[in-house]
Amino acid sequence: MEPVAQQIPLEHFLALSAILFSLGVYGVLTRRNAVLILMSVELMLNAASINMVAFAAYASPEKFTGMIFAVFIITIAAAEVGLALAIILRIFRNLGTANVDEVDELKW
Amino acid sequence: MTVAQVIFYVVAALAVAGGLGVVLAKHAVYAALFLIVALIAVAGVYILLASEFLALVQILIYAGAVTVLLLFALMLTRTSDLPEAMTGAQWPVAGLVAALLGGAIIATVTTSDWPGDEDGMITRVPFDDLGSALFQQWAVPFEIASLVLFVALVGAIVLAREDEPEEEGE
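Here the protein sequences line up with chains A and B, keeping their order.
For the first sequence, my numbering gives the first residue as 1, with consecutive numbering after it.
For the second sequence, my numbering gives the first residue as 1, with consecutive numbering after it.
Put into structure tokens, the structure is as follows:
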């Protein structure tokens, strides 16, 4: 484990992750298509992973728990995408739309 | 400015531009392509954080598999919407909420005191250390993750299958 001089403050990584997360929030709130909402969720998951890896690299390099967490985040994200796309496909087949504002079977 | 700083700002700008494309693109397929840009830029951020393994996994699984899956979903659900109908009417409120959230997080980040940020020194974690930690210290979560993947895969197949077992029985 050799130290590497980067001269990039930890805050810059955290700020990048905050910007990506806000973009993801905006996408989730505005997009109508369920697949596009899923893409915005991926952005938010990536922002969280950047946070984890940055903290692992700067704050506790001897344990690197954050990197392990990022590996698990990627794994769970893969499972989540597969399952969510199956659900979207099912909704599209039953209701003929993938727009979340048109799937209003639960209200009358 | 050192080389690492220049690369960081280029990669960060690419990630933010890709993210903007994902949430603002008029076409769903363009949004997916912008997502690939953002994910590869995030892989570059991982390399700057000296975790090459995560960068490789990011490109293989996210930029490769997940985006292909998303593109397939777009193809199968055939979004024939007009491009201007891709976003709801609530976008001003959503923009305000997202800007407030991002501003609050950035304000907190810049005013807080973080450990180990004086000289920007980070420690590179070798592949074999990461692997032995994953398979020894984190073995139980690793096995649970494989179970989650298995259940998700079976669930996806069951959900997405055409349901006509009655005709097959006769």
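Quick reminder that beta carbons are idealized off the backbone N, C-alpha and C, glycines included.
Residue i - containing alpha helix (DSSP H), residue span
{"i": "Thr111(B)", "result": "91-111"}
{"i": "His12(A)", "result": "10-30"}
{"i": "Gln5(B)", "result": "3-24"}
{"i": "Ala84(A)", "result": "65-95"}
{"i": "Thr77(B)", "result": "67-77"}
{"i": "Pro126(B)", "result": "First-last for Pro126(B): undefined, no H or E at that position."}
{"i": "Met52(A)", "result": "34-58"}
{"i": "Val148(B)", "result": "139-160"}
{"i": "Ile59(B)", "result": "Unbroken run through Ile59(B): none, as it is neither H nor E."}
{"i": "Ala39(B)", "result": "What sits at residue 39(B) in the sequence shown is Leu, not Ala. 28-48 is the span of the alpha helix (DSSP H), which, as asked, contains Leu39(B)."}
Closer than 9 Å at the beta carbon, the chain A residues around residue i
{"i": "Gly95(B)", "result": "Tyr26, Leu29, Thr30"}
{"i": "Ser132(B)", "result": "Going along chain A, no residue has its Cβ under 9 Å from Ser132(B), so there is no contact; the nearest lies around 11 Å."}
{"i": "Phe8(B)", "result": "Gln6, Ile8, His12, Phe13, Leu16"}
Proximal chain B residues relative to residue i, where beta-carbon distance stays under 8 Å
{"i": "Glu11(A)", "result": "Val109, Thr110, Trp114, Asp117"}
{"i": "Ile19(A)", "result": "Val16, Gly19, Gly102, Ile106"}
{"i": "Val41(A)", "result": "The premise fails here: Val41(A) is roughly 11 Å from chain B at the closest Cβ pair, so nothing lies under 8 Å."}
Proximity test, Cβ basis, 8 Å: residue i and chain B
{"i": "Val103(A)", "result": "no"}
{"i": "Met1(A)", "result": "Its pLDDT being 49, under 50, Met1(A) is placed unreliably by the model, and the measurement read from it follows with that caveat. Answer yes: the Cβ-Cβ gap between Met1(A) and chain B drops below 8 Å somewhere."}
{"i": "Asn33(A)", "result": "yes"}
{"i": "Val81(A)", "result": "yes"}
{"i": "Ile88(A)", "result": "yes"}
{"i": "Ile68(A)", "result": "yes"}
{"i": "Ala78(A)", "result": "yes"}
{"i": "Ile37(A)", "result": "no"}
{"i": "Asn94(A)", "result": "no"}
{"i": "Ala57(A)", "result": "yes"}
{"i": "Leu106(A)", "result": "no"}
{"i": "Ala48(A)", "result": "no"}
Residue-chain proximity (residue i, chain A), Cβ-Cβ < 8 Å
{"i": "Val68(B)", "result": "no"}
{"i": "Leu14(B)", "result": "no"}
{"i": "Met75(B)", "result": "no"}
{"i": "Val22(B)", "result": "yes"}
{"i": "Gly155(B)", "result": "yes"}
{"i": "Leu125(B)", "result": "The identity of residue 125(B) in the sequence shown is Val, whereas the question assumes Leu. Yes, its Cβ sits closer than 8 Å to a Cβ of chain A."}
{"i": "Ala4(B)", "result": "yes"}
{"i": "Ile148(B)", "result": "Sequence check: residue 148(B) is Val here, not Ile. Val148(B) counts as touching chain A."}
{"i": "Ala99(B)", "result": "yes"}
{"i": "Phe139(B)", "result": "Looking at the sequence shown, residue 139(B) is not Phe but Ala. No, no contact with chain A."}
{"i": "Gly88(B)", "result": "yes"}
{"i": "Glu170(B)", "result": "Residue placement at Glu170(B) is poorly supported in this model, since its pLDDT is 43, which falls under 50; the coordinates are not used for a value here."}
Extent of the continuous beta strand (DSSP E) to which residue i belongs
{"i": "Thr123(B)", "result": "121-123"}
Residue i and residue j closer than 8 Å at C-beta
{"i": "Met67(A)", "j": "Ala56(A)", "result": "yes"}
{"i": "Ser40(A)", "j": "Ala70(A)", "result": "no"}
{"i": "Ala47(A)", "j": "Gly24(A)", "result": "yes"}
{"i": "Gly27(A)", "j": "Val22(B)", "result": "yes"}
{"i": "Ala99(B)", "j": "Ser22(A)", "result": "yes"}
{"i": "Gly19(B)", "j": "Leu20(A)", "result": "yes"}
{"i": "Ala31(B)", "j": "Leu36(A)", "result": "yes"}
{"i": "Met86(B)", "j": "Arg31(A)", "result": "yes"}
{"i": "Val10(B)", "j": "Glu11(A)", "result": "no"}
{"i": "Ile8(A)", "j": "Ile61(B)", "result": "no"}
{"i": "Phe53(B)", "j": "Leu130(B)", "result": "yes"}
{"i": "Ala43(B)", "j": "Ala25(B)", "result": "no"}
7 Å Cβ cut-off: residues of chain E touching residue i
{"i": "Tyr46(B)", "result": "Absent here is chain E; the protein component of the structure consists of chains A and B."}
Contacts that residue i makes with chain A (C-beta to C-beta distance below 8 Å)
{"i": "Gln136(B)", "result": "Those do not exist, as Gln136(B) stays about 11 Å from chain A at its closest Cβ, beyond 8 Å."}
Residue i: contacting residues in chain A (beta-carbon distance under 7 Å)
{"i": "Gly64(B)", "result": "Within chain A, no residue comes near Gly64(B); the closest Cβ sits about 11 Å away, beyond 7 Å."}
{"i": "Ile59(B)", "result": "Under the 7 Å cutoff, chain A gives no residues; its nearest Cβ is about 11 Å from Ile59(B)."}
| Which residues, taken in chain order from the region 32-56 of chain B, show a beta carbon closer than 8 Å to some beta carbon of chain A? | The region 32-56 of chain B vs chain A, Cβ under 8 Å: Ala32, Leu35, Ala38, Leu39, Val42, Val45, Tyr46, Leu48, Leu49, Ala50, Ser51, Phe53, Leu54.
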